[in-house]
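Q: Position 89 of the sequence shown, counting from 1, maps to 89 under the UniProt record's numbering, and the rest follow consecutively.
Glycine included, every Cβ here is placed at the ideal spot set by N, Cα and C.
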Amino acid sequence: MNTDSNNIHAVKAYEQFFVGLLEGDGSIQVNHWKKRSLQFRIIIKLKYTDANYAMCAKIRQQLGIMNLHIRRGFVIMVEDHRVKLLNIMTIIDRYGLLLTHRRRQYAFFKYCYNNQITYSEYAHIKDLKQLWFGFNCINNYNSNQLLEFSHWPNWLIGFTEAEGCFCIRSNGQHSFSISQQNGYEILTAIKNTFKIPNKIRSTSRVHFLETYAGAVLQSICNFYSSPNVIGLLGEKQIQYRAFKVSLEKKLKN
Numbered sequence: 001m002n003t004d005s006n007n008i009h010a011v012k013a014y015e016q017f018f019v020g021l022l023e024g025d026g027s028i029q030v031n032h033w034k035k036r037s038l039q040f041r042i043i044i045k046l047k048y049t050d051a052n053y054a055m056c057a058k059i060r061q062q063l064g065i066m067n068l069h070i071r072r073g074f075v076i077m078v079e080d081h082r083v084k085l086l087n088i089m090t091i092i093d094r095y096g097l098l099l100t101h102r103r104r105q106y107a108f109f110k111y112c113y114n115n116q117i118t119y120s121e122y123a124h125i126k127d128l129k130q131l132w133f134g135f136n137c138i139n140n141y142n143s144n145q146l147l148e149f150s151h152w153p154n155w156l157i158g159f160t161e162a163e164g165c166f167c168i169r170s171n172g173q174h175s176f177s178i179s180q181q182n183g184y185e186i187l188t189a190i191k192n193t194f195k196i197p198n199k200i201r202s203t204s205r206v207h208f209l210e211t212y213a214g215a216v217l218q219s220i221c222n223f224y225s226s227p228n229v230i231g232l233l234g235e236k237q238i239q240y241r242a243f244k245v246s247l248e249k250k251l252k253n
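#1: Taking 8 Å as the cut-off, does the region 202–210 touch the region 134–153 (at least 3 CB pairs, one atom from each stretch)?
#2: Determine the direct distance from the alpha carbon of Gln116 to that of Ala213, and round the result to whole angstroms.
#3: Beta-carbon separation of Arg205 and Gln239 under 8 Å?
#4: So what does Glu161 bridge to, in DSSP terms?
#5: Do you know whose CA, among Phe40, Tyr141, Met77 and Ser226, lies nearest His101's CA?
#6: Would you kindly work out how many angstroms separate the C-alpha atoms of residue 255 and Val229, rounded to a whole number?
#7: Take Tyr111 and list the residues in its own chain whose beta-carbon comes closer than 6 Å to its own, dropping the five residues that flank it on each side.
#8: How big is the Cα-Cα spacing for Ser226 and Leu232?
#9: Can you check whether the CB of Glu161 is closer than 8 Å to the CB of Gly234?
#10: Give me the residue from Val11, Ser150 and Asn52 with the minimum Cα distance to Gln237.
#11: For Leu146, which of Ala189, Gly172 and Tyr48 has the nearest alpha-carbon?
#12: May I have the straight-line CA-CA distance separating Ile43 from Met77, to the nearest angstrom?
#13: Since Ser27 sits in a beta bridge, which residues does DSSP pair it with?
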């Protein structure tokens, strides 16, 4: 693979990772200024660590999108410039969002953006909530459909950066867990990807998937360390590396 092909492949991987990170820890917003004009913003907010800052800076460098701010213990990637937002929308449109509530968020954002609607129409849609006609064509993806998306592996890594946890407990037990408030089908697809035997636990607030099984954890490590995916990039990468070393030592004993 020549240099140009490598660069194209790297950019695609970063785009797919970015979409997963956005769905896990981001927000796609339409707000108003004094009921006169609409303001558009796409934002990702992460706890500040050196690794998360380096990850965000790398995404900005690779994709040429988002501005970085360091505020009150957070690293924030944000874009609110109307023209520059088109670059992010192009990435989202190229791959597609996977979580239903994010797809609805984006459908509303895109409708307001493309049609330059008035504040009164904006307020009317807000009042309609889930009855707005723009949501009619947005149905939940089932877990099998999610696995068919070509960007699923790198999307999942970006999503894991936001919502996953590689844990080493005080008693020496290892576990991998991931959660999402409105993402049962996403967790089912993750369960199927890694062949996790555990059931998804659900409450009124969140869906949660966790496994302690050594063979499954080894399979999960094989996925996140595969040369075919982008790999974790931020604070979760540091957590994962310590987890992988500790797990390998335990499995050898």
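A: According to the structure shown:
#1: No, they do not touch.
#2: As a position in the sequence shown, residue 213 is number 213, starting the count at 1. As a position in the sequence shown, residue 116 is number 116, starting the count at 1. Going from the Cα of Ala213 to the Cα of Gln116 covers about 52 Å.
#3: On the sequence shown, residue 205 is found 205 positions in, with the first residue counted as 1. On the sequence shown, residue 239 is found 239 positions in, with the first residue counted as 1. No. Outside cutoff.
#4: Here the question's residue 161 lines up with position 161 in the sequence shown. Paired residue(s): none; Glu161 is not in a bridge.
#5: Taking the sequence shown and counting its residues from 1, one reaches residue 101 at position 101. Checked all of Phe40, Tyr141, Met77 and Ser226; the closest Cα to His101 is Tyr141.
#6: Given a span of 1 to 253 for the chain in the structure shown, any question on residue 255 remains unanswerable.
#7: Translated into positions along the sequence shown, residue 111 becomes position 111. Here the set comprises Gly134.
#8: Stepping through the sequence shown from its first residue, residue 226 is reached at position 226. Stepping through the sequence shown from its first residue, residue 232 is reached at position 232. Distance between the alpha carbons of Ser226 and Leu232: 11 Å.
#9: One-based indexing of the sequence shown puts residue 234 at position 234. One-based indexing of the sequence shown puts residue 161 at position 161. In this structure, Glu161 lies closer than 8 Å to Gly234 by Cβ.
#10: One-based indexing of the sequence shown puts residue 237 at position 237. Answer by Cα proximity: Asn52.
#11: Stepping through the sequence shown from its first residue, residue 146 is reached at position 146. Closest by alpha carbon: Ala189.
#12: Here residue 43 is taken as the residue at index 43 of the sequence shown, counted from 1. Here residue 77 is taken as the residue at index 77 of the sequence shown, counted from 1. Those two C-alpha atoms are separated by around 6 Å.
#13: Start at 1 with the first residue of the sequence shown, and residue 27 comes out as number 27. Listed as beta-bridge partners of Ser27 by DSSP are Ile43.
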